[in-house]
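Q: Taken in order, these protein sequences are the chains called G and E. The C-terminal position of the first sequence is numbered 501 in my numbering, with every residue numbered one higher than the one before it. The C-terminal position of the second sequence is numbered 501 in my numbering, with every residue numbered one higher than the one before it. Can you read through this structure? Questions will come right after.
Number of protein chains: 2
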Amino acid sequence: MPVTQQTASESDVKHQLSLLHEELGSLQRQARQLKIPVIILFEGADGAGKGTLINKLLMSLDPRGFKVYAMHSPNDEAIFRPFLWRFWIKTPERNKITIFDRSWYRHLLDDRVKGDVSSEEAPRYFTEINDFERQLTTDGVVLIKIYLSISKKKQSSRFEKLANNPATSWRVSKKDWKRHKQYDEYSAMADEMIFPTHTEKSPWAKIDSSSIKSATFEVLQLVRGRLTSAINEKLAEKPATMTPDLNWRAKKDNPSRLDQVDLSLTVDTEEYHVRRKQLQQRLHELEHQLYVTRRPVILVFEGWDAAGKGGAIRRLVKGLDPRGYEVIPIAAPNDFELSHHYMWRFWNQYPKGGHIAIYDRSWYGRVTVERLEGFCSEDEWKRGFEEINETEKHWHNCGAIILKFWIHISNEEQLRRFEARKNTTHKQWKISKEDWRNREKWDAYKVAIDDMIDLTDKPTAPWIVVEGNNKPYARIKVLETTVKALESVL
Amino acid sequence: MPVTQQTASESDVKHQLSLLHEELGSLQRQARQLKIPVIILFEGADGAGKGTLINKLLMSLDPRGFKVYAMHSPNDEAIFRPFLWRFWIKTPERNKITIFDRSWYRHLLDDRVKGDVSSEEAPRYFTEINDFERQLTTDGVVLIKIYLSISKKKQSSRFEKLANNPATSWRVSKKDWKRHKQYDEYSAMADEMIFPTHTEKSPWAKIDSSSIKSATFEVLQLVRGRLTSAINEKLAEKPATMTPDLNWRAKKDNPSRLDQVDLSLTVDTEEYHVRRKQLQQRLHELEHQLYVTRRPVILVFEGWDAAGKGGAIRRLVKGLDPRGYEVIPIAAPNDFELSHHYMWRFWNQYPKGGHIAIYDRSWYGRVTVERLEGFCSEDEWKRGFEEINETEKHWHNCGAIILKFWIHISNEEQLRRFEARKNTTHKQWKISKEDWRNREKWDAYKVAIDDMIDLTDKPTAPWIVVEGNNKPYARIKVLETTVKALESVL
Chain G
12 MPVTQQTASE
22 SDVKHQLSLL
32 HEELGSLQRQ
42 ARQLKIPVII
52 LFEGADGAGK
62 GTLINKLLMS
72 LDPRGFKVYA
82 MHSPNDEAIF
92 RPFLWRFWIK
102 TPERNKITIF
112 DRSWYRHLLD
122 DRVKGDVSSE
132 EAPRYFTEIN
142 DFERQLTTDG
152 VVLIKIYLSI
162 SKKKQSSRFE
172 KLANNPATSW
182 RVSKKDWKRH
192 KQYDEYSAMA
202 DEMIFPTHTE
212 KSPWAKIDSS
222 SIKSATFEVL
232 QLVRGRLTSA
242 INEKLAEKPA
252 TMTPDLNWRA
262 KKDNPSRLDQ
272 VDLSLTVDTE
282 EYHVRRKQLQ
292 QRLHELEHQL
302 YVTRRPVILV
312 FEGWDAAGKG
322 GAIRRLVKGL
332 DPRGYEVIPI
342 AAPNDFELSH
352 HYMWRFWNQY
362 PKGGHIAIYD
372 RSWYGRVTVE
382 RLEGFCSEDE
392 WKRGFEEINE
402 TEKHWHNCGA
412 IILKFWIHIS
422 NEEQLRRFEA
432 RKNTTHKQWK
442 ISKEDWRNRE
452 KWDAYKVAID
462 DMIDLTDKPT
472 APWIVVEGNN
482 KPYARIKVLE
492 TTVKALESVL
Chain E
12 MPVTQQTASE
22 SDVKHQLSLL
32 HEELGSLQRQ
42 ARQLKIPVII
52 LFEGADGAGK
62 GTLINKLLMS
72 LDPRGFKVYA
82 MHSPNDEAIF
92 RPFLWRFWIK
102 TPERNKITIF
112 DRSWYRHLLD
122 DRVKGDVSSE
132 EAPRYFTEIN
142 DFERQLTTDG
152 VVLIKIYLSI
162 SKKKQSSRFE
172 KLANNPATSW
182 RVSKKDWKRH
192 KQYDEYSAMA
202 DEMIFPTHTE
212 KSPWAKIDSS
222 SIKSATFEVL
232 QLVRGRLTSA
242 INEKLAEKPA
252 TMTPDLNWRA
262 KKDNPSRLDQ
272 VDLSLTVDTE
282 EYHVRRKQLQ
292 QRLHELEHQL
302 YVTRRPVILV
312 FEGWDAAGKG
322 GAIRRLVKGL
332 DPRGYEVIPI
342 AAPNDFELSH
352 HYMWRFWNQY
362 PKGGHIAIYD
372 RSWYGRVTVE
382 RLEGFCSEDE
392 WKRGFEEINE
402 TEKHWHNCGA
412 IILKFWIHIS
422 NEEQLRRFEA
432 RKNTTHKQWK
442 ISKEDWRNRE
452 KWDAYKVAID
462 DMIDLTDKPT
472 APWIVVEGNN
482 KPYARIKVLE
492 TTVKALESVL
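Encoded structure:
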């Protein structure tokens with residue numbers, strides 16, 4: 012009796028499905044406890060059932076633990092920033108799941124079919140996406156990439172079904188039918204996209220969604236599998252050693268850049284005042300051009316305690332329109348920031364095109380203070396150099412002008428300034444016990460800073476070592492370097 | 012010799028100015044140490060010199076301690092939310108200064124002159140602005156409101172000067188000249204705006220900016236004065252007592268709402284499944300209408316531990332398109348959140364028009380857990396009732412549909428569920444020591460919850476007490492109430 016058989020098998024399927032749902036709920040809780048962040052993205056042609064399958068998946072999950080983002084065309088905030096910006100800032104906390112309905116792959120799929128991204132531009136996006144995914148997965152993110160495919164025939168029949176039902180006809184637009192005509196092109200582009208981005212840590216799963224029922228099973232099983240291995244890996248993981256490394260030197264034979272700085276350079280007071288005003292005036296003009304051309308500027312200030320970062324920044328911004336720049340002081344990350352990739356908080360602060368972001372300390376904390384205080388593992392700070400280079404490259408790729416200042420003073424000059432602060436009532440707020448403690452580690456910091464400059468000084472994001480013993484000299488050099496850099500590109 | 016005299020007085024002025032700058036820098040540091048948040052807003056006709064005077068003020072300040080926002084017309088994110096939203100989320104941390112170049116007063120000034128806000132609508136904005144400013148200043152914010160005025164003649168001469176200089180001519184548009192013609196209307200509107208919003212805690216300073224020099228002095232002196240008094244007040248302030256209050260009862264004669272709940276209500280299993288599916292289906296349809304009409308929905312879930320909030324939320328969202336809702340679990344505030352007004356983090360989560368925000372616990376923590384655990388002062392939680400009512404009223408005013416569910420169970424039922432969790436392996440994660448500890452305070456919580464319902468149950472933001480001993484009954488009631496509420500307005 013075939014009818015009974017079918018019923019039996021249907022209830023069987025239902026039972027299996029409910030078991031899967033239960034399992035996934037439990038895996039979500041385990042992942043949460045183990046602080047495993049998860050990203051699941053869905054790509055696929057229109058009508059492939061992305062929305063439906065996301066809904067099926069969500070039924071297993073505790074709604075307090077996930078967020079779903081439907082990624083449409085970028086809005087004004089996103090369009091004036093790197094294309095990965097809007098995804099970076101949505102990466103999950105370490106105990107959460109983020110689900111993307113379309114993702115950064117729009118750029119290599121829809122936008123290529125539309126002709127907004129050419130074959131010449133595509134390689135850049137491939138590189139940036141692979142860097143991005145590697146940075147996240149190395150940091151512990153489980154990245155599940157699902158491509159749903161259906162046949163051209165199936166696509167048109169789904170469109171027709173939606174169009175014929177008054178309750179759903181709004182969901183099928185002329186655009187959809189236009190894209191239907193481009194089905195073959197779209198499929199070819201998808202294949203071209205999947206191959207170079209199918210990596211060990213972030214593989215693609217191509218799932219045939221002609222039957223929603225069987226696709227549901229495949230999606231749930233895939234997520235179950237990926238979560239299970241991530242949980243097992245995490246449980247087997249040995250805790251990383253976080254002992255500070257004070258001696259490693261990346262390029263042992265490189266002479267120390269810091270030793271080569273001529274700290275005797277000074278500038279005459281009269282000249283200082285005249286020059287400073289000229290440069291401030293010029294920078295103000297450039298600020299306006301910057302806005303018109305929508306280029307973002309990223310200025311990083313690092314330097315010894317009491318080197319004069321604050322003073323240099325104040326002279327830099329003095330003539331500027333405050334609506335065009337922001338000074339971003341970077342302190343130790345708070346809990347919420349710590350529960351993301353270390354670059355996450357800097358992506359969040361990324362300036363909109365036409366604006367200047369001035370970082371008073373920065374992501375270079377990763378390879379200096381975090382390295383020396385043991386706030387991250389050796390593996391983490393060592394790969395930090397490459398990650399930072401990649402990131403600054405991505406920013407440069409979309410027009411950012413990047414300058415990084417290391418304000419250098421001698422050990423003796425620092426001592427003089429510390430003593431002066433201690434002995435001047437209205438400057439005492441500037442000096443703390445921690446400053447004295449850091450001072451004791453001068454030599455170790457010097458090694459780390461030489462490494463930092465050796466490994467991250469790039470033509471597109473150069474380090475400028477500023478002679479800081481004479482404050483007026485340092486301030487003029489910062490202003491002058493910034494003005495020249497802007498003039499050369501505007 | 013008048014020339015010499017003038018020179019003497021000029022250098023005198025310069026000296027005074029530099030003293031003022033120094034003083035302001037030092038006051039900023041003191042305010043930072045004392046954790047005093049500051050908001051300075053500038054309003055005034057075009058050409059009154061807002062930008063220039065903001066720049067003059069900023070010269071005194073450490074750029075790491077302030078942010079400047081030029082508030083243009085609201086963008087897409089802001090337009091689909093209450094008009095105060097974009098200002099709320101920009102309120103400063105307790106050690107920072109926020110400067111607004113134009114502010115929430117745009118609505119009572121520019122928008123009224125343009126005719127976007129009518130005389131009938133204006134009173135609502137006055138009320139909301141006064142509530143907003145009172146909430147902030149009571150919480151310790153120093154709010155400095157500056158209105159810059161110039162004569163009509165001065166306005167046209169400034170426009171002409173800008174227009175005649177090629178470097179600045181872009182700053183004067185046809186719109187500006189159009190507004191110049193409306194000068195008298197604008198001035199009248201400004202007077203009408205200033206009078207009802209000039210309060211003790213947030214007074215206006217009207218400064219004549221015909222001469223930028225003297226206006227600069229006035230602005231700096233004003234800020235110096237306000238900061239000085241705020242610092243002195245803070246230093247004189249006695250630390251608030253934070254002892255938990257377990258007995259206060261707002262309306263002593265009101266019978267307990269919780270005692271009136273009929274916890275014997277149940278629903279038949281068969282009926283539960285049928286009804287649940289119908290309601291989920293209906294809610295899905297309403298979700299789409301909601302999006303089309305751009306109304307936001309705010310659903311608050313509060314209830315005893317183990318009352319079944321999570322389960323009710325899951326059944327509520329099961330049929331929904333995940334792009335249309337968000338479940339927001341509320342835990343103890345993190346450091347960054349603590350350094351703002353307690354409502355700040357909820358404003359940050361405010362749903363965009365057309366979306367549903369589901370809060371699993373909420374701002375009602377202020378008058379329950381914070382009251383009972385002594386996390387805020389008596390004064391703070393007592394004024395919390397009014398602040399919450401005002402806020403929900405503001406949200407209602409701009410179309411929000413607000414429902415607040417208290418899921419009620421009996422003390423015995425809670426014990427049964429706790430025991431069951433303890434004894435069931437896959438449910439043990441749901442129960443913690445804190446749950447047992449909270450349980451001991453049942454009676455105190457009951458008083459606080461009765462107060463909460465007595466004082467914040469409003470027709471525009473009603474509390475629905477849900478009979479929760481029978482989970483299916485509770486889930487159906489939540490679904491049904493939500494569906495009915497949406498149907499009645501859509």
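Quick reminder that beta carbons are idealized off the backbone N, C-alpha and C, glycines included.
Which whole-angstrom value describes the C-beta separation of Lys46 (chain E) and Asn106 (chain E), a residue pair presumed to lie in contact below a C-beta threshold of 8 Å?
A: The sequence position of residue 46 (chain E) within the second sequence is 35, counting from 1. The sequence position of residue 106 (chain E) within the second sequence is 95, counting from 1. About 5 Å; that satisfies the 8 Å criterion.
Q: Helix, strand or coil for Pro13 (chain G)? Go by DSSP, reduced to three states.
A: Along the first sequence, read from residue 1 onward, the residue named residue 13 (chain G) stands at position 2. Only weak support is given to the placement of Pro13 (chain G): the predicted model assigns it a pLDDT of 44, under 50, and the value that follows is read from those uncertain coordinates. It is helical.
Q: Taking only the alpha-carbon atoms, compute the straight-line gap between Gly395 (chain E) and Arg377 (chain E) and give it to the nearest angstrom.
A: Locating residue 395 (chain E) in the second sequence gives position 384, where the first residue counts as 1. Locating residue 377 (chain E) in the second sequence gives position 366, where the first residue counts as 1. Approximately 7 Å between the Cα atoms of the pair.
Q: Measuring only the C-alpha atoms, how far is Ser22 (chain E) from Ile324 (chain G)?
A: Taking the first residue of the second sequence as position 1, residue 22 (chain E) is located at position 11. Taking the first residue of the first sequence as position 1, residue 324 (chain G) is located at position 313. Spanning the two alpha carbons is a distance of roughly 27 Å.
Q: Using the C-alpha atoms, what's the distance from Ala317 (chain E) back to His329 (chain G)?
A: Position 318 of the first sequence, counted from the start, is the residue given in the question as residue 329 (chain G). Position 306 of the second sequence, counted from the start, is the residue given in the question as residue 317 (chain E). The displayed chain sequence assigns Lys, not His, to residue 329 (chain G). Using only the alpha carbons, I get a separation of about 58 Å.
Q: To the nearest angstrom, how far is it from the Cα of Thr280 (chain G) to the Cα of Glu132 (chain G)?
A: Residue mapping note: residue 280 (chain G) aligns to position 269 of the first sequence, counting from 1. Residue mapping note: residue 132 (chain G) aligns to position 121 of the first sequence, counting from 1. About 50 Å.
Q: Can you list the residues of chain G that Asp57 (chain E) reaches, using a CB-CB cut of under 8 Å?
A: Here residue 57 (chain E) is taken as the residue at index 46 of the second sequence, counted from 1. Near Asp57 (chain E) there are no residues of chain G at all, since even the closest Cβ is about 15 Å away, more than 8 Å.
Q: Have a look at Arg382 (chain E) and Ala459 (chain E) and give me their C-alpha separation to the nearest angstrom.
A: By 1-based counting over the second sequence, the position of residue 382 (chain E) is 371. By 1-based counting over the second sequence, the position of residue 459 (chain E) is 448. So the two alpha carbons sit approximately 8 Å from each other.
Q: Check for me: the beta strand (DSSP E) holding Phe53 (chain E) runs from which residue to which?
A: On the second sequence, position 42 is the one that residue 53 (chain E) refers to. Segment 49-55, the beta strand (DSSP E) holding Phe53 (chain E).
Q: For Phe91 (chain E), does the three-state DSSP call read helix, strand or coil?
A: The sequence position of residue 91 (chain E) within the second sequence is 80, counting from 1. The answer is coil: DSSP assigns Phe91 (chain E) none of H, G, I, E or B.
Q: Assuming contact is defined by CB atoms lying nearer than 9 Å, are Val79 (chain G) and Leu95 (chain G) in contact in what I supplied?
A: Along the first sequence, read from residue 1 onward, the residue named residue 79 (chain G) stands at position 68. Along the first sequence, read from residue 1 onward, the residue named residue 95 (chain G) stands at position 84. Cβ distance not < 9 Å, so Val79 (chain G) and Leu95 (chain G) don't count as in contact.
Q: Determine contact between the region 264-274 of chain G and the region 417-429 of chain G, defined as no fewer than three beta-carbon pairs at a distance below 8 Å.
A: Yes, the region 264-274 of chain G touches the region 417-429 of chain G.
Q: Check the Cβ of Ile324 (chain G) against every Cβ in chain E and list those closer than 7 Å, keeping chain order.
A: Start at 1 with the first residue of the first sequence, and residue 324 (chain G) comes out as number 313. The answer, in chain order, is Pro74.
Q: For the beta strand (DSSP E) that contains Ala216 (chain E), what are its first and last residues?
A: Your numbering for residue 216 (chain E) matches position 205 in the second sequence. That run of the beta strand (DSSP E) goes 215-219.
Q: Could you pull out every residue in the same chain whose Cβ sits closer than 7 Å to the Cβ of Ala89 (chain E), ignoring the five residues on either side in sequence?
A: By 1-based counting over the second sequence, the position of residue 89 (chain E) is 78. Within the same chain, Ala89 (chain E) has close Cβ partners Trp96, Arg97.
Q: Could you check whether Leu233 (chain G) and Lys309 (chain G) sit closer than 9 Å to each other, using their CB atoms as the reference points?
A: As a working mapping, residue 309 (chain G) is identified with position 298 in the first sequence. As a working mapping, residue 233 (chain G) is identified with position 222 in the first sequence. Residue identity check: residue 309 (chain G) is Ile in the sequence provided, not Lys. No, the pair does not count as a contact, with Cβ atoms beyond the cut-off.
Q: Rank G:Arg450, G:Glu451, G:Trp474, G:Asn449 by C-alpha distance to the C-alpha of Asp461 (chain G) and give the top, closest one.
A: Translated into positions along the first sequence, residue 461 (chain G) becomes position 450. The candidate whose alpha carbon is nearest that of Asp461 (chain G) is G:Trp474.
Q: Quick one: what does DSSP say Pro483 (chain G) is sitting in, helix, strand or coil?
A: Indexing the first sequence from 1 puts residue 483 (chain G) at position 472. Three-state result, Pro483 (chain G): helix.
Q: Report yes if the CB atom of Leu290 (chain E) is closer than 9 Å to the CB atom of Leu414 (chain E), and no otherwise.
A: On the second sequence, position 279 is the one that residue 290 (chain E) refers to. On the second sequence, position 403 is the one that residue 414 (chain E) refers to. Going by C-beta atoms, Leu290 (chain E) is not nearer than 9 Å to Leu414 (chain E).
Q: If you drop the 5 nearest sequence neighbours on each side, which residues of the same chain put their C-beta closer than 7 Å to that of His407 (chain G)?
A: In the first sequence, residue 407 (chain G) corresponds to position 396, counting from 1. Within the same chain, His407 (chain G) has close Cβ partners Ile413, Thr471, Ala472.
Q: Could you tell me which residues DSSP puts in a beta bridge with Ile110 (chain E)?
A: On the second sequence, residue 110 (chain E) is found 99 positions in, with the first residue counted as 1. Ile110 (chain E) pairs with E:Ile51, E:Val79.
Q: Should Trp259 (chain E) go down as buried or exposed, given a rule of 16 or more other Cβ atoms within 10 Å for buried?
A: The residue given as residue 259 (chain E) occupies position 248 in the second sequence. Classification of Trp259 (chain E): exposed, given that the 10 Å Cβ count is below 16.
Q: So is Lys482 (chain G) in contact with chain E if we call contact Cβ pairs under 9 Å?
A: Within the first sequence, the letter at position 471 stands for residue 482 (chain G). Output row for Lys482 (chain G): interface = no.
Q: What are the residues in the region 335-353 of chain E lying within 9 Å of chain G by C-beta distance?
A: Those would be Tyr336, Glu337, Val338, Ile339, Pro340, Asn345, Asp346, Phe347, Glu348, in chain order.
Q: Taking the CB atoms as reference points, tell me whether Leu159 (chain E) and Glu54 (chain E) lie closer together than 9 Å.
A: Here residue 159 (chain E) corresponds to residue number 148 of the second sequence, with the count starting at 1. Here residue 54 (chain E) corresponds to residue number 43 of the second sequence, with the count starting at 1. Against a cut-off of 9 Å, the Cβ pair of Glu54 (chain E) and Leu159 (chain E) comes out as a contact.
Q: Check the C-beta distance from Phe77 (chain E) over to Ile110 (chain E) and give it rounded, since I have them as a contact under 8 Å.
A: In the second sequence, residue 77 (chain E) corresponds to position 66, counting from 1. In the second sequence, residue 110 (chain E) corresponds to position 99, counting from 1. Correct: roughly 6 Å between the Cβ atoms.
Q: Would you say Glu298 (chain E) lies against chain G (beta-carbon separation less than 9 Å)?
A: Here residue 298 (chain E) refers to the residue found at position 287 when the second sequence is read from its first residue. Not one chain G Cβ lies under 9 Å of Glu298 (chain E).
Q: Pull up the distance between the alpha-carbon of His118 (chain E) and that of Pro255 (chain G), whole angstroms please.
A: By 1-based counting over the second sequence, the position of residue 118 (chain E) is 107. By 1-based counting over the first sequence, the position of residue 255 (chain G) is 244. Taking the straight line joining both Cα atoms gives about 55 Å.
Q: Secondary structure at Pro333 (chain G), three-state DSSP: helix, strand or coil?
A: For the purposes of this step, residue 333 (chain G) is identified with residue 322 of the first sequence, where counting begins at 1. Pro333 (chain G) falls in the helix class under three-state DSSP.
Q: State the Cα-Cα distance for the pair Ser388 (chain E) and Leu154 (chain E), rounded to the nearest angstrom.
A: The residue you call residue 388 (chain E) lines up with position 377 of the second sequence. The residue you call residue 154 (chain E) lines up with position 143 of the second sequence. Taking the straight line from one Cα to the other gives about 22 Å.
Q: What does the Cβ neighbour count give for Pro266 (chain E), buried or exposed, with the cut at 16 atoms within 10 Å?
A: Along the second sequence, read from residue 1 onward, the residue named residue 266 (chain E) stands at position 255. Exposed.
Q: Identify whether Ile475 (chain E) lies in helix, strand or coil by the three-state DSSP scheme.
A: One-based indexing of the second sequence puts residue 475 (chain E) at position 464. The answer is strand: DSSP assigns Ile475 (chain E) an E or B state.
Q: My parser needs the beta strand (DSSP E) runs of 3 or more residues fully inside the region 397-461 of chain G; what are they?
A: DSSP runs (the beta strand (DSSP E)) wholly in the region 397-461 of chain G: 412-419.
Q: Quick check on this structure: which residue in E:Ser221, E:Gly62, E:Arg287 has the alpha carbon closest to the alpha carbon of Ile487 (chain E)?
A: Reading the second sequence from its first residue, position 476 is the one you call residue 487 (chain E). Cα-wise, what sits closest to Ile487 (chain E) is E:Arg287.
Q: Less than 9 Å between the C-beta atoms of His437 (chain E) and Thr102 (chain E), yes or no?
A: Against the second sequence, residue 437 (chain E) aligns to sequence position 426. Against the second sequence, residue 102 (chain E) aligns to sequence position 91. For His437 (chain E) and Thr102 (chain E), no; Cβs fall outside 9 Å.
Q: Tell me whether Glu391 (chain E) is buried or exposed, calling it buried when 16 or more other Cβ atoms sit within 10 Å of its Cβ.
A: Here residue 391 (chain E) is taken as the residue at index 380 of the second sequence, counted from 1. When all chains shown are included, Glu391 (chain E) counts as buried.
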